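Here is the structure we will look at, set down as structure tokens.
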Amino acid sequence: MSDDRGSAALEFITVGVILLVPLVYLIVALGSIQEHTLGAEAAARHLARAIALVPDAASAADYGDRLVASIADQYGIAPGTLEVSVACAPRTPECPAPGALVTVTVATHVPLPLVPSVLGLDTAASIPVEGTAVQKMSRLWGTP
74 MSDDRGSAAL
84 EFITVGVILL
94 VPLVYLIVAL
104 GSIQEHTLGA
114 EAAARHLARA
124 IALVPDAASA
134 ADYGDRLVAS
144 IADQYGIAPG
154 TLEVSVACAP
164 RTPECPAPGA
174 LVTVTVATHV
184 PLPLVPSVLG
194 LDTAASIPVE
204 GTAVQKMSRL
214 WGTP
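Numbering (our numbering), first residue to last: 74 to 217.
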């Protein structure tokens, strides 16, 4: 019969570290993904609302750029990584247009923590997230 005294503590520490490290990494990664998802959704929602409230398309573009930069800063998203697209239904030559349904989509990629940028691993190990918001434009939008 072998002597097993004192090995339980060592086994507990070894197994605990082996299980704890991936669990902590998972929690940090999910937190980062959630933060970027909430940021993309907030940017889309606020941008759609801002487009509907400003008086014309030039003001919408200027105010929208500042709004997206502010939200990216609040949520810790690199401003250059946000991709914003605006579409109107029904399709019109100018978007946004009076009476149109404006759909704003904000997309970004979430870099996973502790992934090195060697050989492009940071871009390969990133999670795409996007937020979409829809806003009905006033029939009188853009008229003086």
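For each residue, glycine too, the CB sits at the ideal point set by N, CA and C. Owing to the predicted nature of the structure, the values given are computational and were not obtained by experimental measurement.
Per-residue DSSP class, three states only, for residue i
| i | result |
| --- | --- |
| SER132 | helix |
| PRO171 | coil |
| THR165 | coil |
| THR216 | coil |
| SER211 | coil |
| ALA180 | strand |
| SER199 | strand |
For residue i, the nearest candidate out of the options (CA to CA)
| i | options | result |
| --- | --- | --- |
| ALA206 | THR178, ASP195 and ILE200 | THR178 |
| PRO163 | LEU174, GLU203, VAL183 and LEU92 | LEU174 |
| THR154 | ALA160, ASP146 and ALA130 | ASP146 |
| THR216 | GLY104, GLY112 and PRO169 | PRO169 |
| SER105 | GLU167, ALA82, VAL127 and THR181 | THR181 |
| ILE150 | GLY137, PRO184 and GLY193 | PRO184 |
| PRO152 | ALA130, ALA131, HIS109 and LEU194 | HIS109 |
Short Cβ contact (7 Å threshold) for residue i with residue j
| i | j | result |
| --- | --- | --- |
| ILE144 | ALA123 | no |
| ARG212 | PRO171 | yes |
| MET210 | ALA125 | yes |
| ASP195 | VAL202 | no |
Cβ neighbour criterion (16 or more within 10 Å) applied to residue i
| i | result |
| --- | --- |
| GLN107 | exposed |
At 4 residues or longer, and completely inside the segment 83 to 153: list those alpha helix (DSSP H) runs for me, N to C. 130 to 147
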